[in-house]
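Residue numbers (my numbering): 68 to 461. Idealized CB from N, CA, C, for every residue including glycine. Data block below; observations after.
Next comes the structure, spelled out in structure tokens:
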């Protein structure tokens, strides 16, 4: 794609370094960083045994975290599973573990490094396991956005609220400017808190979670929300539009949840009479409005645990988790299907595979520290401040 074509389509051309995932380096992005070392062959029949042996040799020195969206071959070696914030807190609660191996994506490992002690070392098995949503808001872009809000005369009225699915730099920006972090479980509480502090919210980086929470949970209208596009001058908004808005939503989204559509919901209802549609709040507003139930990953799991035998469910979230839940509850005669006909894994989450995990564990067992994730002290301090505000939410 040429630069002219990219401008015409309102997108930025992808830097060459980002096209070569796993090579080169781009400090402004979670992707495109080098992952050194020779990995075991994916076809190695001894991978499972090698992982078990290395983990056993490390003993209590290692604590393996597995995000819900990881593939089963990785999850089997996780000491705990959960969403990103739960896992980071679990790591902080294990101070005796010298190595925290985070089977997730880059921003999750950053959060674990922020919350754990200086003596603990957080490791990401593949440094190229980034997050497309987190990459949609860079520190430079957000600083420019704040300048736009200042020029519009409203910055003092704005409280930033950043989703957990953001880089440490964005969390630090939020802390510096009096804001808080939120998860998909506590976004409503975070927004209520923010509107007690100011008149407007800058919600980063997922527009859909921000819009769904404001409209569905807080009773705002769609007209109360505007979308700030970092690829357009002044975010594509006039000063008058910014002054009139209550929710200034960053133009970001989850590449997985953004694929679900209203057609997906209508189609599954036609195919499976009596189906319950349960979706994640990172889905588009029209999908959330058409669903029967909406909630975080943990909410989805608990809802299916409590569901009666014989019930039917279409789930709008990442496929690894949906498939795992379908297998888990098949014996209880619960029919669980993926909301869309198109198979959709989180491609960056799936970069953490068994060869990368084996290489990581064997390296650590041999005394070689690899792929450490470290957040600098200043960034950590302000990011932790924003996280502590979240922990203090009523």
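- The beta carbon of residue 245 lies closer than 7 angstroms to those of 226, 264 in the same chain, with the five residues before and after it left out.
- In the structure shown, residue 439 falls within a strand segment according to DSSP collapsed to helix, strand and coil.
- Where residue 405 is concerned, the enclosing beta strand (DSSP E) starts and stops at 402-405.
- Excluding its 5 nearest sequence neighbours in each direction, residue 118 has C-beta neighbours in its own chain below 8 angstroms: 144, 421, 424, 425, 428, listed in chain order.
- Assigned with DSSP and collapsed to three states, residue 212 falls in helix.
- Here the segment 341-360 does not lie against the segment 311-318, with fewer than 3 beta-carbon pairs under 8 angstroms apart.
- Judged by DSSP in its simplified three-state form, residue 425 adopts helix.
- Note that the C-beta distance between residue 209 and residue 174 is not below 8 angstroms.
- Within the model, the alpha-carbon separation for residue 249 versus residue 156 is close to 14 angstroms.
- In this structure, the straight-line span from the alpha carbon of residue 271 to that of residue 327 is close to 21 angstroms.
- Distance from the CA atom of residue 284 to the CA atom of residue 237, rounded to whole angstroms, is 25 angstroms.
- Contact between residue 233 and residue 254 is absent: CB atoms are separated by about 13 angstroms, not below the 8 angstroms threshold.
- Taking the Cβ atoms as the reference, residue 187 lies roughly 11 angstroms from residue 160, outside the contact range of under 8 angstroms.
- For residue 352, there is no enclosing beta strand (DSSP E); the enclosing alpha helix (DSSP H) covers residues 352-357.
- At a Cβ-Cβ threshold of 8 angstroms, residue 323 and residue 413 count as neighbours.
- Minimum Cα-Cα distance from residue 333 among the listed residues 377, 282, 320, 407 corresponds to 407.
- In this structure, residue 417 sits away from residue 192, with a CB-CB distance that is not shorter than 8 angstroms.
- By the Cβ test, the segment 364-381 is in contact with the segment 393-403, since at least three Cβ pairs between them sit closer than 8 angstroms.
- The C-alpha of residue 130 is placed about 6 angstroms away from the C-alpha of residue 166.
- In terms of Cα proximity to residue 273, the closest of 203, 436, 171, 304 is 203.
- Within its own chain, the residues whose Cβ lies closer than 7 angstroms to the Cβ of residue 242, once the five positions on either side in sequence are excluded, are 449, 450, 452, 453, listed in chain order.
- Contact between residue 168 and residue 190 holds: CB atoms are separated by about 5 angstroms, below the 8 angstroms threshold.
- Setting aside the 5 residues that flank it on each side, residue 392 is surrounded in the same chain by 371, 403, each with a C-beta closer than 6 angstroms to its C-beta; the list follows chain order.
- In terms of CA proximity to residue 295, 216 leads the group 216, 120, 224.
- The beta carbon of residue 364 sits closer than 6 angstroms to the beta carbons of 135, 150 from its chain, once the five residues preceding and following it are set aside; these are given in chain order.
- Cα atoms of residue 180 and residue 153: separation of roughly 13 angstroms, rounded to the nearest angstrom.
- Residue state for residue 169 is assigned as strand, using DSSP reduced to three classes.
- For residue 449, the enclosing alpha helix (DSSP H) has its first and last residue at 444-458.
- Residue 298: not part of any alpha helix (DSSP H); DSSP gives it neither H nor E.
- Rounded to whole angstroms, residue 281 and residue 430 show a C-alpha spacing of 46 angstroms.
- Rounded to whole angstroms, the gap between the alpha carbons of residue 211 and residue 445 is 20 angstroms.
- Within its own chain, the residues whose Cβ lies closer than 8 angstroms to the Cβ of residue 109, once the five positions on either side in sequence are excluded, are 420, 421, 422, listed in chain order.
- Straight across, the Cα-Cα distance linking residue 137 with residue 304 is about 38 angstroms.
- Non-local C-beta neighbours of residue 442 in its own chain, meaning closer than 6 angstroms and more than five positions away in sequence, comprise 177, 180, 181, 235, ordered along the chain.
- With contacts defined as CB atoms closer than 8 angstroms, residue 385 and residue 275 fail to qualify as a contacting pair.
- Secondary structure of residue 136 (DSSP, three-state): coil.
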